[in-house]
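Residue numbers (the working numbering): 15 to 333.
All C-beta atoms in this analysis are idealised placements derived from N, C-alpha and C, irrespective of residue type, glycine included.
Quantities reported herein were computed from a predicted structural model and do not represent experimental measurements.
Notes to accompany the following structure.
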């Protein structure tokens, strides 16, 4: 009987089944690749639409750009000269004051009226949903339509507001051409546009408060005002803070409403930092790109500081 020759041993790399360690490593690598694949579009978007424009704006503010150098390149480095020119400009004080007034008054009335409407709609009644939807119309309309509508309503000769004032015996007001009333006019229009945003966010915050808390407060003898001031408003504080922060960032950069209604005039009566930046950069035959970029960077700095203050307050509350 012939004996078979012994079989040669298999190489470790041929026909071996990978162990559990190798399988988990391969799975982890695939997971990381999938995560980077999902992050890539967002990262590209942030780099192209946020980081690069911020870098270009900073570069504009640190160089002495002309129309030629803006197109062809080669603008000389000027350091902080554009920022010094902006701070020394006589318009800076008026623009900063108007920006603070426009932003502060808009935020105050938008938040107060939005909160009042949110509390009103929180109590269910017939046509509540329909009325709440109608209040969203100012927020949904294009800003050019809203601003043009307010310009027509506040027109000193043919506006409906002056017509209504004439009915009750009040003389017409030059809303858009008077240094006294132009900033008031654009602020009223901006308040009207911003109320729906505050209404939606604050109404959502009210919906998240359990009804049992209000019932317990009512059983303890608290009236409606006490329940709102001592129960509802404190629980609404986180939502209120983010609403005010987003409103602040939005209002600081408002440009189109003011530009369509008054173009920042008459003179500098309704000029804000946003409209002044546009006027510097594109409002003349000899644009000043450097100072215009410097003004916009000041606006970005104001919004950034506001965001830091919000984060600091949030950190204190969590402690």
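Buried or exposed (CB count within 10 angstroms, at least 16 for buried), residue i
i           : result
residue 61  : exposed
residue 166 : exposed
residue 164 : buried
residue 29  : Since pLDDT at residue 29 reaches only 49, below the 50 mark, its modelled position is unreliable, and the value read off the structure follows with that caveat. Counting Cβ neighbours within 10 Å, residue 29 comes out exposed, since fewer than 16 surround it.
residue 298 : exposed
residue 329 : exposed
residue 311 : buried
residue 66  : exposed
residue 237 : exposed
residue 39  : exposed
residue 205 : buried
residue 51  : exposed
residue 162 : exposed
residue 243 : exposed
residue 158 : exposed
residue 207 : buried
residue 333 : exposed
residue 142 : exposed
residue 278 : buried
residue 326 : exposed
residue 15  : A caution first: residue 15 carries a pLDDT of 48, below 50, which makes its placement in the model too unreliable to give a value.
In DSSP terms, what residue i is bridged to
i          : result
residue 91 : 77
Beta-carbon gap between residue i and residue j smaller than 7 Å
i           : j           : result
residue 108 : residue 234 : no
residue 306 : residue 284 : no
residue 269 : residue 289 : yes
residue 217 : residue 132 : yes
residue 210 : residue 152 : yes
residue 287 : residue 309 : yes
residue 213 : residue 125 : no
residue 263 : residue 203 : no
residue 112 : residue 197 : yes
residue 89  : residue 79  : yes
residue 276 : residue 190 : yes
residue 106 : residue 100 : yes
residue 320 : residue 201 : no
residue 172 : residue 186 : no
residue 135 : residue 146 : yes
Simplified DSSP state of residue i, which is helix, strand or coil
i           : result
residue 57  : helix
residue 189 : coil
residue 165 : helix
residue 28  : Low per-residue confidence applies at residue 28: pLDDT is 48, beneath 50, and the placement is therefore not dependable enough to give any value.
residue 237 : coil
residue 270 : helix
residue 251 : helix
residue 15  : Any reading at residue 15 needs caution, since the residue's pLDDT is 48, under 50, leaving its predicted position unreliable; the model's value is listed next. Here residue 15 sits in coil by DSSP.
residue 326 : helix
residue 206 : helix
residue 182 : coil
residue 310 : helix
residue 216 : helix
residue 44  : helix
residue 105 : helix
residue 152 : helix
residue 86  : helix
residue 283 : coil
residue 98  : helix
residue 229 : helix
residue 50  : helix
residue 142 : helix
residue 131 : helix
residue 173 : coil
residue 113 : helix
residue 222 : coil
residue 137 : coil
residue 277 : coil
Top-ranked residue by Cα proximity to residue i, from the options
i           : options               : result
residue 137 : 182, 54, 221 and 116  : 221
residue 87  : 96, 77 and 294        : 77
residue 249 : 331, 155 and 101      : 331
residue 245 : 228, 148 and 287      : 228
residue 314 : 277, 135, 267 and 329 : 267
residue 219 : 128, 208, 183 and 113 : 128
residue 94  : 82, 79 and 75         : 75
residue 215 : 252, 224, 183 and 242 : 252
residue 260 : 117, 223 and 242      : 117
residue 85  : 301, 192 and 278      : 301
residue 195 : 144, 280, 42 and 104  : 280
residue 8   : 232, 247 and 239      : In the structure as shown, the chain begins at 15 and stops at 333. Residue 8 is therefore absent and cannot be evaluated.
residue 130 : 294, 254 and 324      : 254
residue 188 : 182, 181, 178 and 199 : 199
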